[in-house]
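Undergrad: Please find one structure pasted underneath; my questions will follow.
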Amino acid sequence: MSGSERIPLSRREGGSKVLPELASILYQFGTNAAFLLLSALGLIVILGMMNIINLAHGEFMMLGAYVASFAVHRGIPFPLAVILAFFATGAFGIVLERLVIRRFYGRELGALVTTWGISLILAQGALLLFGPYMPPIPIPGGAVSEGVFSFSVYWLILIGISIVLVVALTLVYRATPFGLQARATMQNPSIARSLGIRTGRVYMLTFGLGAGLAGLSGALLAPATSIAPFMGQQFVAPAFITVVVGGGANVIAGAVGSSTFLSLIETPVSLTLGTFYGTMALLVMALLIIRVLPAGISSLGARLRPAVAR
Amino acid sequence: MMRMLQLLNGPHDLGRGRGFWSGMVLLAAAFLAYPTIASSFSATNVAYYLLNIPMALGLSLLWGYGGVLSFGQVAFYGIAGYTYGIVAGNLQDFAWGTEAGVLAALLAAGLSAAAFGYFLFYGRVAAWIVPILTLVLALLLATFLGLTAGYQWRVGDIQLGGYNGMTGIPALQIGGLTFQDYAFFYLVVAIVAICYVALRIWVNAHRGQVLMAIREDVLRTELLGYDVRLEQLRVFVIASVLAGVSGLLYVQWGNYITPSAMGLQQAALPVIWVAVGGRDSLLAVAIATFLLNQLTYILSSGGNQSALVIVGALLVAVMMFAPEGIIAGLGRLHWLHWLRARRRAVPSGPASSGK
Amino acid sequence: MVNDAMVNDAMVTGGGGPVLKAERLCKRFGGVVASDQIDFNLERGEMRCVIGPNGAGKSTFFALLCGILPPDSGRVILKGRDVTHLPAFRRVRMGLGLTFQTNRAFHALTVAENLETARRASASASGAADDAHFRAAFGAFDLAASSHLPARELPHHQLQWLEICMALRRGPDVLLLDEPTAGMSPGETMYTADVLKTLSREGLALIVVEHDVAFVRKVAETVTVLHQGSVFAEGPVEVITQREDVRQIYLGRTREAAA
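Protein chains in written order, with the working numbering: chain A, 1 to 310; chain B, 1001 to 1355; chain C, 2001 to 2259.
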């Protein structure tokens, strides 16, 4: 259910050096955090901007993986296939927003239930259309050895891509006209509308962006998993827990903070007890966190600021 | 007693008055008479369509009346099913073994809901977090039970069985009576009737009004002196015990349970029954649960894989075009006509003309 | 759960002293000081108006008193007991009733059901004594005739009256009203003032946050003026409304806002 189970860390007996040991621990945290962040990114963009939880998120990831698998097996290089998955899933998200989702603004529970219906249709529909399995995508890159440890190049790239995605999203929201309009809409839709911002269009593009990010993550994680109609289910627990713990107050900071924090909890538990207990530890953490910080750790910043000002 | 009858006839569900209740009595009589014309096989099938109604009614109470949505009621369904299997299986040689199993199962469902719900409701989280975390709970339970294959995973004499599940679960026995075939059918009919009547009284009583007040406006209700967290936790536990009742009936029906009873697809079904029926009407939910269980049973027993696509599309369509539910919508339409006809017949008094 | 009746009895025998008291209440939002060292005393049976221009911190003060917001520092004392850390519903059970600035009766429920919801679950025939204020208001506001109507069908002023009756249903000792006459006609406003004055004379302590000066002149004995989060002035209504500095911050601003 997480990165560490697929890329086993080869650890030989004896002869440990401090530096590689440290690098190996960092690598474990990094892959788990990257996995959580990639699973949750599309979801948290849509939640933060539109206050809608997309329960079809896992199926959007499945769509991305399917598109990438199709593309790769028709000779398109993997990086291009990933970009194709982003745009294809994003376009699908935009169509879905226009047809269905836009009826549910302000009815968050209605949106939750409806997107669950959509997820059932997508998963079972994929099974009916394409059968139980898609051809797998080989993991790009090999492994590098550092002392007694070896690291998967692909997971190192994924850690890098997660950082790039976070920076890119920050730039989109801070430095582009769309980002400005989106932040205005998020703060107060009616005032934004009165200022001439087409909030409907902002919502449409945001949902498309969230769906596209889900597709992108699905494509990126596809080489590390089996590509199947119900593959979306494996992302449900980690993605939603990351979002619950992150909260919707500050989208990007929440996602980064929550995935980092949760990987700190998950990694040691997974390594000692197994991946299932790692995921279980995530749920327990989520329950404890909401008891103390109901609005997630992204509300922590807002809470601390007045104390600092004092 | 009179007060109870008044509450039963209260306004917070479809159908009131002598005509309606005569119809309900006729319906109950029809169910009771059904075994005289049906084989034990078809009676058991009908019992299967009925046995999920308590879980659906619980979700209706929670979501439709209380405004709190849960996607993980199957978790408590499964907890009750597995607990019954473990306790009743181990106590098979004792006269009261199965009764102890029932008690343990309902306690397990209620206590686990209370513990889980404490964190959800006392943290006062946003509305979407409750369904998400209950769903995660159900999925993780299913994953966990899937890992329990092998002899080392056993409680007493009973093996949990991994993905193949727990088999050979004994049927409920009271005295010399074993609830199988027709007896099981009557048991299900009786429990469904009791659940409906009890919940209808509950929603029309003071507690039910407080519940609806919370749905309308949480802060206002708190400032009338109610501990909203406690009220929500209470109704969550009730709904989960009702899910446990359905889980108990399910393991009586098939004498087995597998982790997929708590899987993602099973978790979606109660939400679909309640949404399609009309979440703020107990009666509509009960009817929809019966009909949709029949539909999915018939669809999937034909080996048809499109059942999930069909119910998923039904759910999306209902949420888009009839968010108040199909059966409740039809029922209200009918009731409106009936009321209008009555209003025309009886000229309205000065009170309703207002100021 | 705490037994409400027990708490009430203990409080009543506590006797004397102010029924509601705030000590050096502070609340900041980021850099904005919404409440700054507010001291406040309300005696039994007193009718107090809290006035102040927009942004003076009236709503924050109100929220601190009833427990919707926790204060950064300071204390709230209800009937002799420190309730600073008690959640709102416990304060209500101890004898605090309140209405909101915006109307928040349960619109889908009927008038009778709204009042039923506001009733204490355990209340039986023994609760007859604390019922007196409620019955007086219910009669004066003439809501019996519309008790079967859904609340959403009530005209605006009756909705406000319904909310006052709901707040009185548990038999509170203190009633907090946030702009109870907003949107009412002058006639309705004066009638509401009369009813509230009667309740006060019968022993109910009231705090009314108001904008309407005519209303304040009619009901209040003592007026508290809030300005920039702190108590700017406090005193008899005739004196306060004549003070030039009060006119400047309060009446002056309102004229601006109206323009």
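Beta carbons are placed, not taken as given, at the ideal position from N, Cα and C, and that holds for glycine.
1) Are the region 2038-2057 of chain C and the region 2225-2234 of chain C in contact at 8 angstroms, needing three or more beta carbon pairs?
2) Give the interface partners of B/V1210 over in chain C, defined as CB-CB distance under 7 angstroms, in chain order.
3) My understanding is that A/G232 touches A/E59, with C-beta atoms under 8 angstroms, so please give their C-beta distance in whole angstroms.
4) Please list the terminal residues of the continuous beta strand (DSSP E) segment that includes C/H1948.
5) For A/M231, does the three-state DSSP call read helix, strand or coil?
6) What three-state label does DSSP hand C/G2127 in the structure shown?
7) For chain A, is any of its Cβ atoms less than 8 angstroms away from the one on B/Y1122?
8) Can you confirm whether C/F2106, when its beta carbon is compared against all beta carbons of chain B, has any partner nearer than 8 angstroms?
9) Measuring straight from C-alpha to C-alpha, what distance separates C/D2194 and B/Q1006?
10) Opposite C/H2227 in the DSSP bridges: which residues?
11) Between the region 101-115 of chain A and chain B, which residues of the former have CB atoms less than 7 angstroms from a CB of the latter, in chain order?
12) Of all the CB atoms in chain B, is at least one closer than 8 angstroms to the CB of A/V244?
13) Going by DSSP, what residue range makes up the alpha helix (DSSP H) through B/I1272?
14) Using 8 angstroms as the cut-off, can you tell me whether the region 1172-1183 of chain B makes contact with the region 1031-1051 of chain B, which would need three or more C-beta pairs spanning the two stretches below that distance?
15) Count the other C-beta atoms from every protein chain shown that fall within 10 angstroms of the C-beta of A/N188, then say buried if there are 16 or more, exposed otherwise.
16) DSSP puts C/D2194 in a beta bridge; with which residues?
17) Taking only three categories from DSSP, how would you classify C/L2176?
18) Anything in chain A within Cβ reach of B/G1165, meaning under 7 angstroms, just list it in chain order.
19) Would you please verify whether the beta carbon of B/D1217 is less than 8 angstroms from any beta carbon of chain C?
20) Check the DSSP bridge columns for C/L2042 and list the partner residues they point to.
21) Suppose contacts are defined by Cβ-Cβ distances below 8 angstroms. Is A/A184 in contact with A/I163 by that definition?
22) Taking all protein chains shown into account, do 16 or more other C-beta atoms lie within 10 angstroms of the C-beta of A/P238, making it buried, or fewer, making it exposed?
23) Rounded to a whole number of angstroms, what is the C-alpha to C-alpha distance between B/Q1073 and C/A2220?
24) Is the CB of B/K1355 under 8 angstroms away from at least one CB in chain C?
25) Helix, strand or coil for C/R2028? Go by DSSP, reduced to three states.
26) Which ranges would you report for the alpha helix (DSSP H) in the region 158-235 of chain A if only whole runs of at least 4 residues count?
27) Below 8 angstroms between beta carbons: does that hold for B/Q1305 and A/L127?
28) Under 8 angstroms, Cβ to Cβ, is there at least one residue of chain B near C/M2184?
29) Spatial neighbours of C/L2109 within its chain, please: CB distance less than 8 angstroms, with the 5 preceding and 5 following residues excluded, ordered by chain position.
30) Which chain A residues sit within Cβ distance under 7 angstroms of B/A1275?
31) State the CB to CB distance for the pair B/R1279 and B/S1060, rounded to an integer number of angstroms; the pair is presumed to be in contact (CB under 8 angstroms).
32) Between the alpha carbons of A/G247 and B/E1222, how many angstroms are there, rounded?
33) Whole angstroms are fine: how far does the CA of B/S1112 sit from the CA of B/W1096?
34) Going by DSSP in three states, A/F151 sits in which element: helix, strand or coil?
35) Below 8 angstroms on the Cβ atoms is my contact criterion, and I expect A/F207 with A/I101 to pass it. Report the Cβ-Cβ distance as a whole number of Å.
36) Which residue's Cα is closest to the Cα of C/S2185: C/E2210, C/P2172, C/L2115 and C/H2157?
TA: Based on what the coordinates show:
1) yes
2) Here residue 1210 of chain B refers to the residue found at position 210 of the second sequence. Neighbours of B/V1210 on chain C, chain order: T2117.
3) By 1-based counting over the first sequence, the position of residue 232 of chain A is 232. By 1-based counting over the first sequence, the position of residue 59 of chain A is 59. The Cβ separation is near 5 angstroms, so the contact holds.
4) This structure cannot settle anything about residue 1948 of chain C, because the visible part of chain C is limited to 2001 through 2259.
5) Here residue 231 of chain A corresponds to residue number 231 of the first sequence, with the count starting at 1. Correct three-state label for A/M231: coil.
6) As a working mapping, residue 2127 of chain C is identified with position 127 in the third sequence. Because C/G2127 sits at a pLDDT of 47, beneath the cut-off of 50, its placement in the model cannot be relied upon, and the following sentence gives the value as read from the coordinates. The answer is helix: DSSP assigns C/G2127 an H, G or I state.
7) The sequence position of residue 1122 of chain B within the second sequence is 122, counting from 1. It does; some Cβ of chain A falls within 8 angstroms.
8) Counted from its first residue, the third sequence places residue 2106 of chain C at position 106. Yes, C/F2106 lies at the interface with chain B (some Cβ there is under 8 angstroms from its Cβ).
9) Numbered from its first residue, the third sequence carries residue 2194 of chain C at position 194. Numbered from its first residue, the second sequence carries residue 1006 of chain B at position 6. When rounded, the distance between both Cα atoms is 39 angstroms.
10) In the third sequence, the residue the question calls residue 2227 of chain C occupies position 227. According to DSSP, C/H2227 bridges with C/S2230.
11) R103, E108, L109, G110, L112, V113 and T114
12) On the first sequence, position 244 is the one that residue 244 of chain A refers to. Closer than 8 angstroms to some Cβ of chain B, the Cβ of A/V244 qualifies, so yes.
13) Along the second sequence, one-based indexing puts residue 1272 of chain B at 272. Note, B/I1272: alpha helix (DSSP H), L1264 to G1277.
14) yes
15) The residue labelled residue 188 of chain A in the question sits at position 188 within the first sequence. Exposed.
16) As a working note, residue 2194 of chain C is residue 194 in the third sequence. According to DSSP, C/D2194 bridges with nothing at all.
17) Translated into positions along the third sequence, residue 2176 of chain C becomes position 176. Strand at C/L2176.
18) The sequence position of residue 1165 of chain B within the second sequence is 165, counting from 1. What B/G1165 touches in chain A: nothing, since even the nearest Cβ is about 18 angstroms away.
19) One-based indexing of the second sequence puts residue 1217 of chain B at position 217. Output row for B/D1217: interface = yes.
20) In the third sequence, residue 2042 of chain C corresponds to position 42, counting from 1. Answer is C/L2020.
21) The residue you call residue 184 of chain A lines up with position 184 of the first sequence. The residue you call residue 163 of chain A lines up with position 163 of the first sequence. No, the Cβ-Cβ distance between A/A184 and A/I163 is not below 8 angstroms.
22) By 1-based counting over the first sequence, the position of residue 238 of chain A is 238. Buried, by the Cβ-count rule.
23) As a first step, residue 1073 of chain B is located in the second sequence; it is residue number 73 there, counting from the start. As a first step, residue 2220 of chain C is located in the third sequence; it is residue number 220 there, counting from the start. Each residue's Cα considered, the two are about 55 angstroms apart.
24) The residue given as residue 1355 of chain B occupies position 355 in the second sequence. Residue confidence for B/K1355 is low, a pLDDT of 32 falling below 50, so the modelled location carries little weight and cannot support an answer.
25) The residue you call residue 2028 of chain C lines up with position 28 of the third sequence. Strand, per DSSP.
26) 177-187, 189-194 and 199-221
27) Indexing the second sequence from 1 puts residue 1305 of chain B at position 305. Indexing the first sequence from 1 puts residue 127 of chain A at position 127. Contact flag set, yes.
28) In the third sequence, the residue the question calls residue 2184 of chain C occupies position 184. No, C/M2184 does not count as interfacial toward chain B.
29) Taking the third sequence and counting its residues from 1, the one referred to as residue 2109 of chain C is at position 109. So the list reads T2117, P2150 and A2151, once near-sequence residues are dropped.
30) As a first step, residue 1275 of chain B is located in the second sequence; it is residue number 275 there, counting from the start. Within chain A, the residues near B/A1275 are V113.
31) Mapped onto the second sequence, residue 1279 of chain B falls at position 279. Mapped onto the second sequence, residue 1060 of chain B falls at position 60. Contact flag correct, Cβ pair sits at about 6 angstroms.
32) Against the first sequence, residue 247 of chain A aligns to sequence position 247. Against the second sequence, residue 1222 of chain B aligns to sequence position 222. Going by the C-alpha atoms only, they are around 24 angstroms apart.
33) On the second sequence, residue 1096 of chain B is found 96 positions in, with the first residue counted as 1. On the second sequence, residue 1112 of chain B is found 112 positions in, with the first residue counted as 1. Approximately 24 angstroms between the Cα atoms of the pair.
34) Counting from 1 along the first sequence, the entry for residue 151 of chain A is found at position 151. Here A/F151 sits in strand by DSSP.
35) Position 207 of the first sequence, counted from the first residue, corresponds to residue 207 of chain A. Position 101 of the first sequence, counted from the first residue, corresponds to residue 101 of chain A. Confirmed, about 6 angstroms.
36) Working through the third sequence from its first residue, we reach residue 2185 of chain C at position 185. Of C/E2210, C/P2172, C/L2115 and C/H2157, the residue nearest in Cα terms is C/H2157.
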